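S.K.: First the structure, which I've put down as structure tokens, then a few questions once you've had a look.
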Amino acid sequence: MAKTQVYCGMFVHSTKKDYMRILQNHAIGVKEGKIVFVEEMIKFQLKANEKEHEVIKLNNNEFLMPGMIDTHIHAPQYPNAGKGLDQGLLEWLNKYTFPTEAKFKELEFAKNTYRKIVRRTLENGTTTASYYGTIHIDACLALCDIIEENGQRALVGKVNMNANSPDYYIEESVDVSVSETKKFVDEVLQKKYPRVLPIITPRFAISCSQQLMDALGLLAIEKDLHVQTHISETEDECEMVGKLYPECEDYLDVYDKAGLIRNKTVLGHGIYLSDKERKKIKQKGASISHCPNSNLSIRSGIFNARQCLSEGIKVGLGTDVSGGYSPSMMDAMRTAIHVSNMLTIKDRTHKPITHREVFMMATYGGSQALAIDHLVGNFEVGKEFDALLVSLDCPGSQVDIFDDDTPEDLVQKFIFLGDNRNIQKVFVNGEDVLQRKVPDVCPKA
Numbered sequence: 001m002a003k004t005q006v007y008c009g010m011f012v013h014s015t016k017k018d019y020m021r022i023l024q025n026h027a028i029g030v031k032e033g034k035i036v037f038v039e040e041m042i043k044f045q046l047k048a049n050e051k052e053h054e055v056i057k058l059n060n061n062e063f064l065m066p067g068m069i070d071t072h073i074h075a076p077q078y079p080n081a082g083k084g085l086d087q088g089l090l091e092w093l094n095k096y097t098f099p100t101e102a103k104f105k106e107l108e109f110a111k112n113t114y115r116k117i118v119r120r121t122l123e124n125g126t127t128t129a130s131y132y133g134t135i136h137i138d139a140c141l142a143l144c145d146i147i148e149e150n151g152q153r154a155l156v157g158k159v160n161m162n163a164n165s166p167d168y169y170i171e172e173s174v175d176v177s178v179s180e181t182k183k184f185v186d187e188v189l190q191k192k193y194p195r196v197l198p199i200i201t202p203r204f205a206i207s208c209s210q211q212l213m214d215a216l217g218l219l220a221i222e223k224d225l226h227v228q229t230h231i232s233e234t235e236d237e238c239e240m241v242g243k244l245y246p247e248c249e250d251y252l253d254v255y256d257k258a259g260l261i262r263n264k265t266v267l268g269h270g271i272y273l274s275d276k277e278r279k280k281i282k283q284k285g286a287s288i289s290h291c292p293n294s295n296l297s298i299r300s301g302i303f304n305a306r307q308c309l310s311e312g313i314k315v316g317l318g319t320d321v322s323g324g325y326s327p328s329m330m331d332a333m334r335t336a337i338h339v340s341n342m343l344t345i346k347d348r349t350h351k352p353i354t355h356r357e358v359f360m361m362a363t364y365g366g367s368q369a370l371a372i373d374h375l376v377g378n379f380e381v382g383k384e385f386d387a388l389l390v391s392l393d394c395p396g397s398q399v400d401i402f403d404d405d406t407p408e409d410l411v412q413k414f415i416f417l418g419d420n421r422n423i424q425k426v427f428v429n430g431e432d433v434l435q436r437k438v439p440d441v442c443p444k445a
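Numbering (UniProt numbering), first residue to last: 1 to 445.
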């Protein structure tokens, strides 16, 4: 009979009541990948049994936190990460993004790229990712296999786009787009991956006809699937959507009329949403993925995270590779704080978000945004143990520690100064997945 692994030390997580809760001198019991107890160490010591428990003690400069959740990332855009940021969104798509995504019809190129991005995100502490794929079903299925090989948790979407797209990268009809999507969904579900699910992924309203979105909405409802798409990322985009869909009240209404706005829907960006749109998002139980790096890098705009949080909207964080140049969620956390500070510089009545809010958004908030908070997101009994072991005094650490640093200081220093070197272990369902033996990300010819 397998022993219960018991981690003893300092833990930090978010709850429904607290953006950040720090538990010192606590014990977390993990059995068969699930959290079976969380209690003060002194209580655990009274019942500790060598036959039943494998005790792992953290040192004073280590802590456990929930795995980070990237609610918006484009896996096929990873080759462009860190380049091609000299254009606005619509120009950037045509000059850099579409040509790169079109290459994914070549399966070996797709596999090699996907192995790199999945491994890179895991090394940076992303235990769950909501991935956009391409229009190519074989490449998207390969991405699912690679995620499974690496032990990551993920939602994977075959992108839909049948309008206002380049001739070399577009689906030929609504019927083809829908049938390929159904095939992709069915194959993913039939494989019964333990932690990979399909997600309906209309790219955005500009690249999808109303007929296509209507069909995708029906499919999402019929099979109770997650949905991801973009909304209100730039002013030019919003203006174009208004011209394409004059019969709709606003951008959100385009998706809502198609049945795509549900409690399992995550909307990327949402910078220019109106009060009415935000209210409907809250009512429908949908969520927003805040992508601060991308919003600044391609000059889309400034998202007001404080406003949405105060209105009770579920908000997660996304790297938005490659509009965002970094696949690290730590970069997303830091940049989210800087963006909120910018709003306060402009308006002193604005209350900026802090390390506490971004910590929540990167973990528990992400699980809420993706409607998987019943499974992961924090250290509640019954949830799967997706966690990071963080060490601040590991070799190569850029974090220096001082005698008067409080436990919260240590967490804050990790958020602002830490990097992947501080992430010593990455647990998904209780397994340190960085120890998995997987195919080489750069296979030899």
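A virtual CB, placed ideally from N, CA and C, is assigned to each residue, including glycine. Just so we're clear, the structure is a prediction, and the values are computed from it rather than from any experiment.
Is it right to say residue 444 is buried, meaning 16 or more other beta carbons lie within 10 angstroms of its own, or is it exposed?
M.R.: By 1-based counting over the sequence shown, the position of residue 444 is 444. Caution applies to residue 444, whose pLDDT of 40 falls short of 50 and renders its modelled position unreliable; the model cannot decide the point.
S.K.: Using the three-state DSSP reduction, which class does residue 180 fall into: helix, strand or coil?
M.R.: By 1-based counting over the sequence shown, the position of residue 180 is 180. Note: residue 180 maps to helix in three-state DSSP.
S.K.: Go ahead and pull the three-state DSSP assignment for residue 162.
M.R.: Sequence index remark: in the sequence shown, residue 162 carries index 162 (1-based). DSSP, reduced to helix, strand and coil, places residue 162 outside both helices and strands of the structure shown, so it counts as coil.
S.K.: Among 349, 368, 18, 53, which has the Cα closest to the Cα of residue 3?
M.R.: Along the sequence shown, one-based indexing puts residue 3 at 3. Checking every option, the nearest Cα to that of residue 3 belongs to 53.
S.K.: Residue 156 bridges to which residues according to DSSP?
M.R.: Position 156 of the sequence shown holds residue 156. DSSP output for residue 156 lists 131, 198 as bridge partner(s).
S.K.: Grab me the residues of residue 342's own chain with a C-beta within less than 8 Å of its C-beta, minus the 5 sequence neighbours each way, in chain order.
M.R.: As a first step, residue 342 is located in the sequence shown; it is residue number 342 there, counting from the start. For residue 342, where only same-chain residues beyond five positions count, the Cβ hits under 8 Å are 302.
S.K.: Where DSSP assigns a beta bridge to residue 368, which residues make up the other side?
M.R.: Locating residue 368 in the sequence shown gives position 368, where the first residue counts as 1. Answer by DSSP bridge pairing: none, since residue 368 is not bridged.
S.K.: Report all residues from its chain with a CB closer than 7 Å to the CB of residue 379; omit the five preceding and five following residues, and keep chain order.
M.R.: Counting from one through the sequence shown, the residue named residue 379 turns up at place 379. The residues are 11, 13, 28, 35, 38, 66.
S.K.: Please report the Cβ distance between residue 241 and residue 251, rounded to the nearest whole angstrom; I am assuming they are in contact, meaning their Cβ atoms lie under 8 Å.
M.R.: Your numbering for residue 241 matches position 241 in the sequence shown. Your numbering for residue 251 matches position 251 in the sequence shown. Yes, they are in contact, since the Cβ atoms of residue 241 and residue 251 sit about 5 Å apart, within 8 Å.
S.K.: Based on Cα-Cα distance, which residue from 394, 304, 223 lies nearest to residue 419?
M.R.: In the sequence shown, residue 419 corresponds to position 419, counting from 1. Minimum Cα distance to residue 419 is reached at 394.
S.K.: Using the beta-carbon count (16 or more within 10 Å), is residue 398 buried or exposed?
M.R.: As a first step, residue 398 is located in the sequence shown; it is residue number 398 there, counting from the start. When all chains shown are included, residue 398 counts as exposed.
S.K.: Can you tell me where the beta strand (DSSP E) with residue 330 in it begins and where it stops?
M.R.: Against the sequence shown, residue 330 aligns to sequence position 330. Note, residue 330: premise wrong, no beta strand (DSSP E); alpha helix (DSSP H) at 329-346.
S.K.: Decide if residue 1 is buried, meaning its Cβ has at least 16 other Cβ atoms within 10 Å, or exposed.
M.R.: Taking the sequence shown and counting its residues from 1, one reaches residue 1 at position 1. Its Cβ having fewer than 16 others within 10 Å, residue 1 is exposed.
S.K.: Secondary structure at residue 21, three-state DSSP: helix, strand or coil?
M.R.: Start at 1 with the first residue of the sequence shown, and residue 21 comes out as number 21. Correct three-state label for residue 21: strand.
S.K.: So, is residue 406 buried or exposed, given that buried needs 16 or more other C-beta atoms within 10 angstroms?
M.R.: By 1-based counting over the sequence shown, the position of residue 406 is 406. By the neighbour-count rule (16 or more Cβ atoms within 10 Å), residue 406 is not buried but exposed.
S.K.: Using a threshold of 8 Å, state whether the C-beta atoms of residue 334 and residue 415 are closer than that.
M.R.: The residue you call residue 334 lines up with position 334 of the sequence shown. The residue you call residue 415 lines up with position 415 of the sequence shown. Cβ atoms of residue 334 and residue 415: closer than 8 Å.
S.K.: Do the CB positions of residue 110 and residue 129 come within less than 8 Å of each other?
M.R.: Locating residue 110 in the sequence shown gives position 110, counting from the first residue. Locating residue 129 in the sequence shown gives position 129, counting from the first residue. No, the pair does not count as a contact, with Cβ atoms beyond the cut-off.
S.K.: Can you say whether residue 25 is buried or exposed, counting buried as having 16 or more other CB atoms within 10 angstroms of its CB?
M.R.: Here the question's residue 25 lines up with position 25 in the sequence shown. Counting the other CB atoms within 10 Å of its CB gives residue 25 a total below 16, which places it among the exposed residues.
S.K.: May I ask you to report which of helix, strand or coil DSSP gives residue 53?
M.R.: Start at 1 with the first residue of the sequence shown, and residue 53 comes out as number 53. In the three-state reduction of the DSSP assignment, residue 53 falls in the strand class.
S.K.: Assuming residue 220 contacts residue 206 (C-beta within less than 8 Å), just tell me the rounded distance between them.
M.R.: Locating residue 220 in the sequence shown gives position 220, where the first residue counts as 1. Locating residue 206 in the sequence shown gives position 206, where the first residue counts as 1. At roughly 20 Å, the Cβ-Cβ gap does not stay under 8 Å, so residue 220 and residue 206 are not in contact.
S.K.: Going by the DSSP bridge assignment, what does residue 26 pair with across the sheet?
M.R.: Locating residue 26 in the sequence shown gives position 26, where the first residue counts as 1. Note: residue 26 sits in a beta bridge opposite 9, 40.
S.K.: Within a Cβ cutoff of 8 Å, which residues of the same chain sit near residue 209, ignoring the five residues on either side of it in sequence?
M.R.: In the sequence shown, the residue the question calls residue 209 occupies position 209. Contacts found: 162, 163, 174.
S.K.: Got a sec, what are the start and stop residues for the beta strand (DSSP E) residue 62 sits in?
M.R.: Your numbering for residue 62 matches position 62 in the sequence shown. Residue 62 -> beta strand (DSSP E) spans 62-66.
S.K.: Are the beta-carbon atoms belonging to residue 8 and residue 46 less than 8 Å from one another?
M.R.: In the sequence shown, residue 8 corresponds to position 8, counting from 1. In the sequence shown, residue 46 corresponds to position 46, counting from 1. Cβ atoms of residue 8 and residue 46: not closer than 8 Å.
S.K.: Which two residues bound the contiguous beta strand (DSSP E) that contains residue 316?
M.R.: For the purposes of this step, residue 316 is taken as the residue at position 316 of the sequence shown. Where residue 316 is concerned, the enclosing beta strand (DSSP E) stretches over 314-317.
S.K.: Return the first residue and the last residue of the beta strand (DSSP E) that residue 83 is part of.
M.R.: Taking the sequence shown and counting its residues from 1, one reaches residue 83 at position 83. Taken as a continuous stretch (DSSP letters only), residue 83 belongs to no beta strand (DSSP E), as it is neither H nor E.
S.K.: When the distance is taken between beta carbons, is residue 131 closer than 8 Å to residue 143?
M.R.: Taking the first residue of the sequence shown as 1, we reach residue 143 at position 143. Taking the first residue of the sequence shown as 1, we reach residue 131 at position 131. Yes; because the gap between Cβ atoms is below 8 Å, this pair is in contact.
S.K.: Below 6 Å CB to CB, which residues in the same chain sit around residue 149 once its five sequence neighbours on both sides are set aside?
M.R.: Mapped onto the sequence shown, residue 149 falls at position 149. The answer, listed in chain order, is 438.
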